[in-house]
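Residue numbers (UniProt numbering): 1 to 285. From the three backbone atoms N, C-alpha and C, an ideal C-beta is built for every residue, glycine too.
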Amino acid sequence: MTTAQAKVLTRQARNKPLTPEGNEEAKELYRKAIDEEDINYLPAYAELSYAWCRDLENDWGPRQTALEQAERRALEAVELSKDENKGWHKFFMGHWYLGIFRWHQGKFTESFQEYATARELVESKPDSEWYVKNLADLDADMAEALIYHGDPKRAVQLVLDAMDRNKDHAYWYHWIKARGDYHLGRYQDAIDEIGKIVPQEKQPNDVRLILAASKAQLATTEADVGKAEKMLSEAKAIMEEFSKIEPNWTLAKSAAYEYGSATERDHWITGLDKAGLKHSVNDNP
Numbered sequence: 001m002t003t004a005q006a007k008v009l010t011r012q013a014r015n016k017p018l019t020p021e022g023n024e025e026a027k028e029l030y031r032k033a034i035d036e037e038d039i040n041y042l043p044a045y046a047e048l049s050y051a052w053c054r055d056l057e058n059d060w061g062p063r064q065t066a067l068e069q070a071e072r073r074a075l076e077a078v079e080l081s082k083d084e085n086k087g088w089h090k091f092f093m094g095h096w097y098l099g100i101f102r103w104h105q106g107k108f109t110e111s112f113q114e115y116a117t118a119r120e121l122v123e124s125k126p127d128s129e130w131y132v133k134n135l136a137d138l139d140a141d142m143a144e145a146l147i148y149h150g151d152p153k154r155a156v157q158l159v160l161d162a163m164d165r166n167k168d169h170a171y172w173y174h175w176i177k178a179r180g181d182y183h184l185g186r187y188q189d190a191i192d193e194i195g196k197i198v199p200q201e202k203q204p205n206d207v208r209l210i211l212a213a214s215k216a217q218l219a220t221t222e223a224d225v226g227k228a229e230k231m232l233s234e235a236k237a238i239m240e241e242f243s244k245i246e247p248n249w250t251l252a253k254s255a256a257y258e259y260g261s262a263t264e265r266d267h268w269i270t271g272l273d274k275a276g277l278k279h280s281v282n283d284n285p
C-alpha cells in the first residue's frame, strides 16, 4: 500500500473520458486508490464524489445511489481533512467537493458555505506551491454553482479573474464561462469561448449544447432572414451531433437540474428547444 500509487491511480482516473464507460472506469480507479493503496488518500475520496455527481448530471445510473455515494465520499474527505494524524489536515478538497455535491442537491446556501470554507483553507497556506492554482480552480468551479443559482454576471467575472490568476488553466474554465455568457445573453461570446477549447477533440459532448442553444438564440435576433435560417440550421446540425452521442438526453432531463432561478432554467431550456433538443427519447435526432 503506497500513497504514490494511489496518486497514480487518481491521476489515471481523472484523465478518463467523460462518457458513461469512462466514468465507471474512473470510479473503479478511485476505489482502488482508496481500498488497495492508501485508505487515507483524501483526493481520491473527493474526486470519487465528483464522479458520482457526474452520474447525477448525465443520468448515467440510479439517482438515489448517486446522491448517496456522492455525499458519502465527500463527507469522508471532509473528515480526513479534520484529522491531524492522517496527513491531510486542513486540506481544502473535501469541503470543495462537498460544495459541488450540495448544489447538485439544490442546497445552494450550504454549497456556498462549503466553497467559503474551502477557500479559507487554501488561504491559510499561502506558501503552498499550489496556492494560486487551487484558489483559481476553486473560484472557477464555484462559478458554475452561481450560474445555476441565478447569478451569471458574478459567475463570469469569477471565471475571468481565475483565468487571469491561473494562466495555465484547464479547458473547463472556458466551458463554464461560455455557459455564463449564454445566460447573460452574450451568445456570440459563448460560441467564441467554446472555440478556445483546443484541440477540438478535448471538447466534451456537452459543449455542443451551449453552441447549439447560442446559435439558435442568435438566429431569433437576426434581422436578415437568410442569415437567421442558416444559423438555425447550424444550431440544429450541432444538436443532431450531440444526440447521436447522447441519444437518451431530452429537454426534460436538462430541466431536471437543480436551479435557484426559474428564469435561468427557462432561458436555458428555451435555447435548447429552439436548437431541436429532443422532447422524447423516441424523437428522431
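So with Cβ pairs under 9 Å, would you call ALA13 a contact of chain C?
The structure shown contains no chain C; it holds only a single protein chain.
Please report how far the alpha carbon of ARG73 lies from the alpha carbon of ILE176, in whole angstroms. 24 Å
Checklist entry - When DSSP labels each residue in this structure, what does TYR187 get in the three-state scheme? => result When secondary structure is reduced to three states using DSSP, TYR187 falls in the helix class.
Worksheet item: Of all the options TRP249, ALA255 and ASP35, which has the alpha carbon lying nearest to the alpha carbon of TRP60?
Response: Looking only at TRP249, ALA255 and ASP35, the smallest Cα-Cα distance to TRP60 is reached by TRP249.
Keeping to the same chain, check which residues put their C-beta closer than 6 Å to that of TYR259; ignore five residues upstream and five downstream. TYR148 and ARG265
Item checked: PRO204 versus ILE245, ASN134, ALA118 and VAL281, residue with shortest Cα-Cα distance -> Measuring from the Cα of PRO204, the nearest candidate turns out to be ILE245.
### Message
Quick check on this structure: which residue in ASP83, GLY150, PRO199 and ILE39 has the alpha carbon closest to the alpha carbon of THR3?
### Response
ILE39
At the level of alpha carbons, what is the spacing between MET163 and LYS202? 18 Å
* Report yes if the CB atom of ASP141 is closer than 9 Å to the CB atom of TRP96, and no otherwise. => yes
Answer yes or no: the CB of LYS215 versus the heavy atoms of the ligand SAH, is any distance below 8 Å?
-> Judged by which ligands are present, the structure shown has none, so any question about the ligand SAH falls away.
*Hey, is the stretch 121-133 in contact with the stretch 76-92, meaning 3+ C-beta pairs nearer than 8 Å?*
yes
Alpha carbon to alpha carbon, how far is LEU75 from residue 311? Give it in angstroms, no decimals. There is no way to answer for residue 311, as the model of the chain reaches only from 1 to 285.
Margin query: So, at 6 Å on beta carbons, what are the nonlocal neighbours of ARG63 in its own chain, with the 5 sequence-adjacent residues on each side left out?
Written below: none
- Item | For TYR45, the three-state DSSP class (helix, strand or coil) | helix
Could you give the distance in angstroms between the alpha-carbon of TRP130 and the alpha-carbon of PRO247? 40 Å
Original post:
Among LYS16, MET231, ASP224 and GLY226, which has the Cα closest to the Cα of GLN217?
Top reply: Closest option to GLN217, Cα to Cα, is MET231.
Around the C-beta of GLU114, are 16 or more other C-beta atoms found within 10 angstroms, so that it is buried, or is it exposed? buried
* With DSSP run on the structure shown, which of helix, strand or coil describes HIS279? -> coil
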